[in-house]
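Okay, so here's the structure we're looking at.
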Amino acid sequence: MRVLLRTLSPLLGLALAAVGAIGVIEVVTAWVRPASSGLVVPWPAWQLVLSELTWSDRPVIVVSICVAVVGLLLLLVALLARRHDVALTAPTPEMTVATSPQVLARLVGRTVRESDDVAAATVSASARTVVVRAEGWPDPDGGFRGLTDTVRGRVSALLDELPLARRPRVAVSTRGRKEPR
Amino acid sequence: MSTTDVQADAPTTGTAAPPRRVLRGSRRAVARSARVDRIWLALLGFVLLAAGTLAALLGYGVFGAGRAARPLLDPLIVDALRAQQQLWRWVAIAVGVVLVVLGLWWAVRSLRPERRPDLLLDGSTDSTLLVTAGAVAGAVGDRAAALPGVGRARARMVGSTGTPALRLTVWVTDEADVADVCRRLETEVVAEARRALGLAHLPVAVRLELDSVTQAPRVA
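Quick mapping for you: the protein sequence lines, in order, are chains R and G. So the number in this note's numbering is just where the residue sits in the first sequence, counting from 1, plus 1. So the number in this note's numbering is just where the residue sits in the second sequence, counting from 1, plus 49.
Here it is in structure tokens:
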């Protein structure tokens, strides 16, 4: 999202400047030469079209909805482009330590996969939650309590080791694997 | 002037709490701020969303069937504009100029590279002692990369000349004790840099990354 934000910002800035410049040029041209039909924009033709179209015409409604959707998308990009860093405890107040959720997820994933009970695992992490989906073999009674406890224990031990400023909530889900161990 | 001279002249580091600007500086140094871009984009998005929604509602007759049947370029509005033509021309020109200035400012601000302030250690009339941002970053980066548990490190100066800060990206190895790496970065790298540069405070933002993906053996 931040890449999109960085790309959109200069483009929209230039677009705004272009709209302003064209507006000034057209107003000054119409002022100096009232008989002209527009220097860049054919505004007399546009004026004619706009005076014939009504608000309830289909093209107007379609364009309105498109404008609203574009606005919503821009708003979403602006809201979602914040940093999602995971804060760590710094040794001094003059230092700020952070890492990315991807790094935390990779650390958790690596720790979980090291267990012999886990055949595969996918991890998603944020500063608040760590979600582990582990695949393994069921207990003799057919349940997955053992696998869940193993995964949860390993993740907890890792989170204890890491100097996280806020301990994330851990959610573990397990799935059986049909192949023999 | 040698480094020793600078140390003697500089304010003592002591144990006093760092000023608030130093604390803010370390938080700001984590990454380049995108706050202004986000605010402008949100503002533009909100305006477009509101305008599009209102126009669509108007078209669907929510505000009355009579209003929905009126032309986009309403004769009432055209007459009102023509009645004060001179005034509205100036208004249109002013709005256009404001859009040009704001648009160009936004574009230039977005494209401008992040500042890398040099450190002015002595700016007296007859001599100037300046440490370039690249020199500080290189020295600190090399020193950090030599720490145990650190695969590689990259440093850069950020902020302004008046309130410089250090951004340190550290790639830790699989065996690294993250807390110990952070402690060593402060005591062995940053504190040393502060001492060498004669700075009482230097806000630091550390970003931790994993050095490489290594698969742990599944079978012993």
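Each residue gets a CB set at the ideal place from its N, CA and C atoms; glycine is no exception.
- Under the 8 Å Cβ criterion, the segment 100–113 of chain G counts as touching the segment 61–73 of chain R, having at least three qualifying pairs.
- No Cβ of chain G is located within less than 7 Å of the beta carbon of R:R34.
- The segment 148–158 of chain R makes no contact with the segment 83–97 of chain R: fewer than 3 CB pairs, one atom from each, lie closer than 8 Å.
- Burial state of G:T181 is exposed, judged by a 10 Å Cβ sphere holding fewer than 16 other Cβ atoms.
- By the criterion of a C-beta distance shorter than 6 Å, G:T210 is surrounded in its chain by P166, once the five residues flanking it on both sides are discounted.
- At a cut-off of 7 Å between beta-carbon atoms, G:A104 makes contact with chain R.
- In this structure G:V185 is in contact with G:L168, their Cβ atoms being roughly 6 Å apart against a cut-off of 8 Å.
- In this chain, the alpha helix (DSSP H) harbouring G:G187 covers A182 to A194.
- Residue nearest to G:L170 within the set G:L93, G:A245, G:G108 and G:V85 is G:A245 (criterion: CA-CA distance).
- Listed along chain R is no residue with a C-beta nearer than 9 Å to that of G:E163; the closest approach is about 12 Å.
- Sequence-distant Cβ neighbours of R:P169 in its own chain, meaning closer than 6 Å and more than five residues away, are R129, T130 and V131.
- In the structure shown, G:D171 falls within a strand segment according to DSSP collapsed to helix, strand and coil.
- The contact set of R:W138 on chain G, defined by CB atoms closer than 7 Å, is empty, because the minimum CB distance reaches about 14 Å.
- About 6 Å separates the beta carbon of R:G39 from that of R:E27, a gap short enough to meet the 8 Å contact definition.
- Residues of chain G whose Cβ lies closer than 8 Å to the Cβ of R:R7 are, in chain order, A83, D86 and S159.
- In the DSSP assignment, G:E258 forms a beta bridge with G:W220.
- Residue state for R:R176 is assigned as strand, using DSSP reduced to three classes.
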